[in-house]
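Going by my numbering, the sequence shown opens with residue 1, and the numbers climb by one from there. Think of the CB as a built atom: it goes at the ideal place given N, C-alpha and C, for glycine as much as any other residue.
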Amino acid sequence: MTTPITVPALGESVSEATVAKWMKNVGDAVKKDEALVELETDKVTVEVFASVAGTLGEIIAPAGTTVAVGTLIGNITAGGAAAAPAAKATAAAAAPAPSVAQAAPAKDDGLAPAVRKLIEENGLNPAIIAASGKDGRLTKGDVLEHLEKKKAAPAAAPAPVAAAAPAAPAVPHVPRALGEREERVPMSRLRKRIAERLKQAQNTAAMLTTFNEVDMSAVMALREKYKEGFEKRHKVKLGFMSFFVKAAIQALKEIPAVNAEIDGGDIIYKNHYDIGVAVGTEQGLVVPVVRDVDKLSFAGIESTIADFGKKARDGKLSIEDLTGGTFTISNGGTYGSLMSTPIINPPQSAILGMHKIQQRPMAIDGKVEIRPMMYLALSYDHRIIDGREAVTFLVRLKESLEDPQRLLIEM
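Below is the structure:
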């Protein structure tokens with residue numbers, strides 16, 4: 001008896017995917033609810049799980065195949081190992097079996113390609129890395145966390161130094177191995193979709209960017225004063241993003257056009273605030289959405305963003321996590337960007353760009369003082385948002401951040 005493996009529903013407006021990787025070879029024993037194959041859509045990576053226990057009897061759609069929702073991509077044969085001999089011929093056609101000499105670093109070690117690549121390039125032993133994935137599988141996030149701990153350990157030995165600038169990127173850059181002078185690789189579905197949406201924004205929106213700068217002294221002092229108590233009480237770190245999200249909500253309420261969108265000949269004003277927070281991953285930029293932010297506390301915002309960051313690194317974001325935002329905030333300062341002009345995330349009408357906090361001389365009450373300053377950028381669709389509204393939005397944001405007590409009384 002065989003049980004078909006088909007492409008599940010992938011979410012609204014997603015009709016096809018690419019087979020990224022089979023986690024089992026033909027003839028391997030399969031447990032119920034065990035992950036069998038990874039499918040890559042233009043938004044997220046989806047795992048397909050076994051509906052029954054048995055043996056992977058056939059792989060119909062090998063890695064790299066484009067498949068539609070409902071397509072048969074393989075089957076499971078009942079009876080476990082007894083069915084394996086009959087399936088070995090199909091396995092040989094799908095992928096050559098590893099030799100005995102290669103048994104130690106075998107490719108059927110259950111590691112995803114990205115995880116194996118990180119381990120090999122950094123010379124790590126996967127056996128000593130704590131695994132948090134389903135059924136004890138090692139995830140990319142586990143490896144990255146292990147690398148961060150290795151970096152932090154030797155850093156503690158030298159004598160203390162002056163406080164550094166903002167934290168390094170959550171996802172460290174791993175240089176790709178050099179080979180021939182040129183290398184041609186197909187674009188992933190996610191990268192293709194990112195390219196399409198960015199070009200769509202440029203082609204349809206009358207996009208313009210306006211800038212301002214904010215003195216971060218008050219926010220930094222408030223964060224420094226309460227960060228330890230905040231983390232002990234809420235079990236999450238107090239970052240800068242929650243201040244910016246709260247300040248953005250106040251500004252959006254005053255300037256509703258920034259939270260609106262164009263639909264044909266109509267303008268849709270949103271009376272809810274679902275803020276997309278751009279997160280960089282090795283596969284590309286994704287924008288998970290924090291729902292009804294105006295109803296969340298600082299701790300709720302920080303906790304939700306932290307969860308999204310982990311899910312993004314592990315490739316666990318769902319379609320629902322990435323759709324329906326009304327406004328987006330992108331923090332290029334995490335990577336050291338001093339200034340940029342972010343591109344709108346359609347069908348939204350605006351995006352806020354945060355940047356690096358940098359000490360600069362400022363004229364304060366007739367005296368020159370060194371202050372931690374950040375440039376802010378608001379890219380917006382000039383068809384719906386006037387210059388006056390865009391500038392006012394940034395001014396309100398600046399006022400809230402330079403006097404964060406305004407956020408408590410919603411001024």
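query, result
"Throw me the rounded Cβ distance for the T6 and G70 pair, which I believe falls under 8 angstroms.", "6 angstroms"
"Would you call the stretch 303-322 and the stretch 256-267 in contact, with 3 or more CB pairs under 8 angstroms?", "no"
"Only counting the same chain, and skipping five residues up and downstream in sequence, which positions put a Cβ closer than 7 angstroms to that of A9?", "V69"
"When DSSP builds the beta bridges, which residues end up paired with Y273?", "Y273 pairs with nothing; no bridge assigned."
"Between which two residues does the beta strand (DSSP E) containing P113 stretch?", "Premise fails: P113 lies in the alpha helix (DSSP H), P113 to E121, not in any beta strand (DSSP E)."
"Could you name the residues of the same chain whose beta carbon sits closer than 7 angstroms to that of E254, not counting the 5 residues immediately before and after it, in chain order?", "R396"
"Quick check on L72: buried or exposed, where buried means 16 or more other Cβ atoms within 10 Å of its Cβ?", "exposed"
"Locate the beta strand (DSSP E) running through V287, then write down its first and last residues.", "No beta strand (DSSP E) contains V287, which DSSP labels as neither H nor E."
"Let me know if G315 comes out buried or exposed under the rule of 16 or more other beta-carbons within 10 Å of its beta-carbon.", "buried"
"Between the C-alpha atoms of A363 and G332, what's the straight-line distance to the nearest angstrom?", "26 angstroms"
"Under 7 angstroms Cβ to Cβ from V219, same chain only, skipping five residues before and after it: list those, please.", "F240, F243, L401 and P404"
"Going by DSSP, which residues form a beta bridge with Q358?", "M373"
"Can the beta-carbon of I343 be found less than 8 angstroms from the beta-carbon of A201?", "yes"
"Which class does F211 belong to by DSSP, given the choice of helix, strand or coil?", "strand"
"Do S379 and A351 come within 8 angstroms of each other at the CB atom, strictly closer than that value?", "As written in the sequence, residue 351 is Ile, which differs from the Ala given in the question. In contact: I351 and S379 (Cβ atoms closer than 8 angstroms)."
"DSSP three-state label for D321, please.", "helix"
"Is it buried or exposed for E183, if we count other Cβ within 10 angstroms and need 16 for buried?", "exposed"
"Check for me: the beta strand (DSSP E) holding L338 runs from which residue to which?", "L338 -> no beta strand (DSSP E), and no H or E assigned at all."
"According to DSSP, is I315 part of a helix, a strand, or is it coil?", "The question names Ile, but residue 315 is Gly in the sequence shown. In this structure, G315 counts as coil in the three-state DSSP scheme."
"Who does A68 pair with in a DSSP beta bridge?", "E16"
"When the Cα of R371 is compared with those of I305, G387 and A221, which residue comes out closest?", "A221"
"Assuming V245 contacts V293 under a Cβ cut-off of 8 angstroms, what Cβ separation, rounded to an integer in Å, is found between them?", "6 angstroms"
"Short of 6 angstroms in beta carbon distance, which residues of its chain neighbour G74, apart from the five on each side in sequence? Order them along the chain.", "I5, E58, I59 and I60"
"Report the residue ranges of all alpha helix (DSSP H) runs contained in full by the stretch 182-259; include only those spanning at least 4 residues, in chain order.", "189-204, 217-234 and 241-254"
"Among L36, I262, T209 and V46, which residue has its Cα nearest to the Cα of E16?", "V46"
"Sort A53, V14 and V143 by Cα distance to D33 and report the nearest one.", "A53"
"Quick one: what does DSSP say K24 is sitting in, helix, strand or coil?", "coil"
"So which of A377, G229 and Q348 has the shortest CA-CA distance to G325?", "Q348"
"Taking the alpha-carbon positions, what's the T281 to R313 distance?", "6 angstroms"
"Whole angstroms is fine: what's the gap from H382's alpha carbon to L208's?", "6 angstroms"
"Let's see if you can read the secondary structure: which residues bound the beta strand (DSSP E) around G54?", "G54 to I59"
"Is it true that the CB of A63 sits closer than 8 angstroms to the CB of E40?", "no"
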